[in-house]
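See structure below.
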Amino acid sequence: MRIIGQFSRRGFTLIEVMVAMAILIVVVGAIYSTWAGIVKASKVGLDAATAAQRERMAIRVVEDALASAQLFVANPKYYSFQGENGTAAELAFTARLPRAFPRSGKFGNFDMRQVRFSVESGGGYQKQLVLRQNPILMELDEDEKMHPVVLSADVKKFQFEFWDSTANDWTDTWLLTNQLPKMVRVSLQLNYAGTRHENTSQMITRVVALPTAGVQPTWQMPSVQGGSPANGNPPPVKLPQVK
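Each residue of the sequence shown is one higher than the one before, starting from 0 at the first, in numbering that gives the first Met the number 0.
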């Protein structure tokens, strides 16, 4: 009976405790590493999905504006079509914009506006795609200059190509500012933060068909009936030029 009592009072040795602690640390470390990997992978997936959604939204705004582009040949100052590629890419033209277009509520009934898409420096080393707009007979106000609509941040590439009917091919320059290209191909690509370095989203490209010709000066001078001369044709009455 005395021997059994001596064995029953015996505890764990220091070596056994240290081995058990080591095993526990290894198990906890493995669980944490697995959890951290799942969290990082989930963040990368969410960042990629967010970047893709921003791309689709931004490119849709550009599409809507291009599809509404207008050009009156007699007023090149207000209706010119300009595009410049590069690190500070810029696309500017006049369009009759829909009510659902960003900031349409600010401009009320002035649906004919000049729009300008440009890539500018944002916070840090980031580039962002911004939109500025103003009614064609008004200058940019301070709010548009200082606080444009930021369509997308972390822009890696924003470029456009124009269909050259003469060469029957795409070109990245458009020198005929008093004409509308038949088609414009717009591409947008964003950066998003990855686990160890910057990753890029898949480039989105859209082809937008524009009106094939600008409004000619003679079309801006409509005639109305002002009498009935002998030949039965009413004399034309010139109205003020439409701007």
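Every residue, glycine too, gets a C-beta built ideally from N, C-alpha and C.
Contacts around residue i, its chain only, beta-carbon distance under 6 Å, and the 5 residues preceding and following it disregarded
i           : result
residue 153 : 125, 189, 190
residue 115 : 91, 131
residue 186 : 158, 202, 204
residue 53  : 151
Within 7 Å, strictly: CB atoms of residue i and residue j
i           : j           : result
residue 67  : residue 94  : yes
residue 90  : residue 78  : no
residue 180 : residue 161 : yes
residue 57  : residue 151 : yes
residue 200 : residue 64  : no
residue 134 : residue 112 : yes
residue 176 : residue 109 : no
residue 249 : residue 182 : The requested residue 249 is not part of the displayed model; the chain covers only 0 to 242.
Inter-residue spacing [alpha-carbon to alpha-carbon] between residue i and residue j
i           : j           : result
residue 203 : residue 39  : 25 Å
residue 55  : residue 23  : 48 Å
residue 37  : residue 106 : 47 Å
residue 99  : residue 164 : 32 Å
residue 119 : residue 83  : 13 Å
residue 19  : residue 12  : 11 Å
residue 47  : residue 149 : 19 Å
residue 102 : residue 157 : 22 Å
residue 10  : residue 17  : 14 Å
residue 43  : residue 28  : 22 Å
residue 14  : residue 30  : 25 Å
residue 87  : residue 129 : 11 Å
residue 26  : residue 145 : 55 Å
residue 137 : residue 143 : 12 Å
residue 117 : residue 41  : 32 Å
residue 45  : residue 173 : 38 Å
residue 59  : residue 141 : 26 Å
residue 104 : residue 49  : 27 Å
7 Å Cβ shell around residue i - same chain, five flanking residues per side excluded
i           : result
residue 195 : Residue confidence is low: residue 195 scores 45 on pLDDT, short of 50, so the model does not pin down where it sits. No coordinate-derived value is stated.
residue 184 : 159, 160, 169, 204, 206
residue 121 : 127, 152
residue 139 : 131, 133
residue 62  : 205, 207
residue 155 : 188, 189, 190, 199
Close Cβ partners of residue i (< 8 Å) along its chain, the five nearest in sequence each way excluded
i           : result
residue 210 : 68, 69, 70, 179
residue 171 : 84, 158, 159, 160, 161
residue 32  : none
residue 75  : 176, 177
### Query
Taking the runs of the beta strand (DSSP E) that are 3 residues or longer, which of them lie wholly in the segment 114 to 139?
The DSSP assignment places 126 to 134 as complete runs of the beta strand (DSSP E) inside the segment 114 to 139, in order along the chain (cut-off: 3 residues).
### Query
Which runs of the beta strand (DSSP E) spanning at least 3 residues fall entirely within the segment 165 to 207, listed in chain order?
168 to 170, 182 to 192, 197 to 199
### Task
Please specify which runs of the alpha helix (DSSP H), each continuous and at least 4 residues long, are wholly inside the segment 15 to 47, giving them in chain order.
none
### Query
Whole alpha helix (DSSP H) runs in the segment 50 to 100 with 4 or more residues, listed along the chain?
Within the segment 50 to 100, the runs of alpha helix (DSSP H) that reach at least 4 residues and sit entirely inside it are, in chain order, 75 to 78.
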